[in-house]
Amino acid sequence: MSDMAAIDPSRVVAETSATDSYQNLLFSLIQFRIHTGVYPQRVTVVTHEFKRARFMQCHFPAVGLVPIGLEGGYTHKAAVIGINPPEEITPLETLVRGEALNGIGLWRQDIYGVNRDLASKRVKRGWSSGMEEALFSDLGLEDVVLHFLRYDGGDHCNKWFPKLEDLPWAYTGRDTTNKP
C-alpha cells in the first residue's frame with residue numbers, strides 16, 4: 001500500500017469512453033497525447049493474462065505498435081502484464097475457452113472491431129456510430145489519427161489501415177527515435 005501513496009494523483013488519467021479492449025488501447029494513446037502533448041514511446045497494458053495473445057497478435061499490430069518479443073530488427077515498444085483472477089473465482093479453463101470463442105477468436109477475424117459480432121458488443125456497451133467525432137474531433141489531433149479513428153476495416157472489414165506507418169505513435173523497422 002505504501003507504493004500507492006507515492007503516486008501523484010494529478011498524473012493519473014482514466015480512459016472512460018472505450019467499450020472494448022481495442023478501443024481502450026487506442027483511446028489511451030490519444031488520452032496520453034491530450035494530457036502530455038506527445039504520444040507514448042512505450043506502451044504497457046495491464047490486463048488479464050488470458051488476454052495477452054489478443055493484445056500481442058491483434059490489438060498492438062492493428063494500431064501500429066510492434067509487440068515486445070517479435071524479431072526482425074523492429075523497435076519493440078509494446079508489452080503486456082497479465083494477471084488472471086484467482087482460480088476459485090473463475091477457473092482458467094473457463095477463461096481460456098471464452099477468450100477463444102468470444103475474444104481473440106473474433107478479433108482475429110475483425111482486427112478493428114467493425115463487423116457484426118464485435119460492433120454489436122460495442123453498441124450493447126453504449127457505443128454508437130459517430131461517437132468518435134464527438135469525442136476526438138476538436139482536440140487538435142493529426143488528420144491521420146482522425147482518419148484512423150473512423151476507419152471501417154476496408155473492403156472486407158479486416159484490412160490493415162492503409163496509413164498505419166504514418167500514425168504518430170506507430171513503430172516500424174525504420175528509426176523512430178525522433179518521434180515524440
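Quick note on numbering: UniProt numbering labels position 92 of the sequence shown as 92, and the sequence is numbered without any gaps. Backbone N, C-alpha and C define an ideal beta-carbon position, used for all residues, glycine too.
Residue 145 has no beta-bridge partner at all, per DSSP. Boundaries of the beta strand (DSSP E) harbouring residue 81: 78 to 82, taken from the DSSP string.
Of all alpha-carbon atoms in 97, 20, 132, 154, the one lying nearest the alpha-carbon of residue 121 is that of 20. Taking the Cα positions, residue 126 is about 26 Å away from residue 143. Within the same chain, Cβ atoms closer than 6 Å to the Cβ of residue 64 are found at 164, 167, 170, the five residues on either side in sequence being excluded. For a cut-off of 8 Å, the C-beta gap from residue 32 to residue 18 is around 13 Å, too long to register as a contact. Judged by DSSP secondary structure, residue 47 falls within the beta strand (DSSP E) whose first and last residues are 43 to 47. By the C-beta criterion, the stretch 49 to 56 is judged to be in contact with the stretch 79 to 91, since at least 3 inter-stretch pairs fall below 8 Å. Looking at the backbone, the Cα of residue 59 and that of residue 6 are separated by about 31 Å. Rounded to whole angstroms, the Cβ separation of residue 110 and residue 157 is 7 Å, and the two are in contact under 8 Å. In the DSSP assignment, residue 39 falls outside any alpha helix (DSSP H) and carries neither an H nor an E.
Positions of the alpha helix (DSSP H) runs, each at least 4 residues long and wholly inside the stretch 88 to 137, are given as 92 to 102, 104 to 107, 116 to 124, 131 to 136 in order along the chain. Rounded to the nearest angstrom, the gap between the Cα atoms of residue 14 and residue 25 is 12 Å. In this structure, the CA atom of residue 43 is about 22 Å from the CA atom of residue 140.
Counting of Cβ neighbours within 10 angstroms places residue 105 among the exposed residues, the total staying below 16. By the C-beta density criterion, residue 89 is exposed, having fewer than 16 other C-beta atoms within 10 angstroms.
CA-to-CA, the gap between residue 112 and residue 10 works out to about 32 Å. Taking 8 Å as the cut-off, the Cβ atoms of residue 149 and residue 161 do not count as close.
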